[in-house]
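Using the numbering used here, read the sequence shown as starting at 38 and increasing by one per residue. Where is the CB? At the ideal position from N, CA and C, for every residue including glycine.
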Amino acid sequence: MKPLNADLHCHSNVSDGLLSPAALVERAKANRVDLLALTDHDEVSGLDEARQIAEAVGIRFVTGTEISVSWGDDQTVHIVGLNFDEHHPDLVAGLARVRSGRDARAERMAAELAKVGIADAYAGALKYVNNPALISRSHFARYIVERGFARDIKTVFEHWLAKGKPGYVSHSWAELTDALDWIRMAGGVAVIAHPARYRLTPTERRELFVAFKELGGQGIEVISGSHTEAEVREFAGIAREFGFVASRASDFHGPGESYIDLGRMAQLPPDLTPVWEVW
Ligand code: AMP
Ligand code: MN
Ligand code: MN
Ligand code: MN
């Protein structure tokens with residue numbers, strides 16, 4: 038039997054993606070995705086539009102969001118929630134609280150960028166924002182490319198926006214325990230996003246997996262658009278060891294800006310349990 042073409046992590050312009058929820062689902066259809074979750078950062082307001090188009094074009098759709106979580110010593114990790122009730126009041130209130138800090142953070146980022154010669158970055162980033170509640174580093178990155186300071190988004194992060202760089206501002210996101218509670222209360226499954234992308238030591242990474250499991254987390258992205266083959270093997274091993282279900286995720290943000298297009302990732306190792314088999 039042909040394996041399911043599932044893509045359970047992508048972004049629309051409701052957060053830092055380039056396409057509208059409708060255009061994203063149309064693109065998923067063109068790429069022969071069978072099962073899709075839209076996972077905007079700290080947001081669920083694109084889900085209705087995405088679901089309607091998914092029904093119209095015949096794609097199985099589940100709800101999703103990618104929650105920003107503060108972890109350890111000023112680290113950020115991302116937890117994807119899948120297949121939950123997007124109207125659950127605790128989830129809705131929790132996500133609203135996470136979003137609420139973004140605007141002040143953006144003003145501080147702009148002030149830091151001004152000190153290193155990048156003026157007007159707040160207004161500049163806002164030109165790329167579709168949802169005023171969700172200004173993100175990606176929007177700043179687009180503006181900095183536009184201004185000609187760097188040739189692409191990746192370079193902008195390396196020079197200005199990654200932790201330790203001049204435009205980086207530390208921020209308090211959700212607590213891991215709260216993010217997992219919101220997802221669980223709303224009936225969903227929590228998945229650790231792109232586990233290879235955190236700047237954690239091997240010991241710290243294990244501490245994250247242990248805490249995530251203890252707090253009720255169930256899944257991990259084994260296949261992520263950003264994972265190398267070696268990283269896929271590593272996190273397949275973690276899934277086996279911890280008994281996590283496995284997710285398959287592009288983390289697509291838009292044409293020309295992403296590791297990989299919707300649904301174009303490798304398949305999960307066949308011995309792992311896919312996350313979509315537990316709901
Ligand atoms: P924020 O939630 O505002 O901190 O922005 C985080 C987003 O920035 C991530 O979801 C990615 O879309 C993007 N991002 C983070 N690091 C990088 C990177 N090194 N290269 C490109 N995009 C990145
Ligand atoms: Mn993003
Ligand atoms: Mn992420
Ligand atoms: Mn993402």
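From which residue to which residue does the alpha helix (DSSP H) around residue i run?
i           : result
residue 319 : Any question about residue 319 goes unanswered here, given that the chain covers just 38 to 316.
residue 200 : Careful: residue 200 lies outside any alpha helix (DSSP H) and carries neither H nor E.
residue 179 : 174-183
residue 311 : Where residue 311 is concerned, there is no enclosing alpha helix (DSSP H), given that its DSSP letter is neither H nor E.
residue 144 : 139-152
residue 58  : 58-67
residue 191 : 190-193
Indicate, with yes or no, if ligand 6 has a heavy atom lying under 7 Å from the CB of residue i.
i           : result
residue 295 : With respect to ligand 6, the structure shown offers nothing to examine, as its ligands consist of ligand 1, ligand 2, ligand 3 and ligand 4.
Hey, could you find the ends of the beta strand (DSSP E) residue i is sitting in?
i           : result
residue 304 : Careful: residue 304 lies outside any beta strand (DSSP E) and carries neither H nor E.
Checking 8 Å against the spacing of the C-beta atoms, do residue i and residue j come in under that value?
i           : j           : result
residue 305 : residue 286 : no
residue 262 : residue 228 : no
residue 44  : residue 309 : no
residue 159 : residue 144 : yes
residue 194 : residue 155 : no
residue 248 : residue 259 : no
residue 245 : residue 237 : yes
residue 139 : residue 163 : no
residue 116 : residue 135 : no
residue 269 : residue 119 : no
residue 107 : residue 212 : yes
residue 264 : residue 233 : yes
residue 101 : residue 219 : no
residue 122 : residue 254 : no
residue 112 : residue 296 : no
residue 290 : residue 48  : yes
| query | Should the stretch 84-99 be called in touch with the stretch 200-209, which here means at least 3 C-beta pairs below 8 Å? | reply | No, the stretch 84-99 does not touch the stretch 200-209.
| task | Return the chain-ordered ranges of every alpha helix (DSSP H) run that is complete within the stretch 203-289 and spans a minimum of 4 residues. | result | The qualifying runs are 213-222, 239-251, 266-279.
| Are the stretch 66-80 and the stretch 40-54 touching by the rule of at least three beta carbon pairs closer than 8 Å? | Contact holds: three or more Cβ-Cβ distances are below 8 Å.
| message | Residues around ligand 2, please: the ones whose beta-carbon is closer than 7 Å to some heavy atom of it, in chain order. | response | Proximity annotation: ligand 2 has residues 48, 52, 53, 78, 173, 175, 290 in chain order, each selected because its CB is closer than 7 Å to a heavy atom of the ligand.
| field | Whole runs of the alpha helix (DSSP H) within the stretch 72-134, excluding any shorter than 4 residues | value | Those alpha helix (DSSP H) runs which fall completely within the stretch 72-134 and span 4+ residues are 84-94.
| field | Residues surrounding ligand 4 [beta-carbon distance to nearest heavy atom under 5 Å] | value | For ligand 4, the selected residues are 103, 288.
| said: Tell me whether the stretch 88-106 and the stretch 63-72 touch, counting them as touching only if at least three CB pairs, one residue from each stretch, are closer than 8 Å. | reply: By the criterion of at least three beta-carbon pairs nearer than 8 Å, the stretch 88-106 is in contact with the stretch 63-72.
| said: Any residue with its Cβ nearer than 5 Å to a heavy atom of ligand 3 should be included. What is that list in chain order? | reply: Proximity to ligand 3 was defined by a C-beta distance below 5 Å to any of its heavy atoms, and the residues meeting it, in sequence along the chain, are 115, 230.
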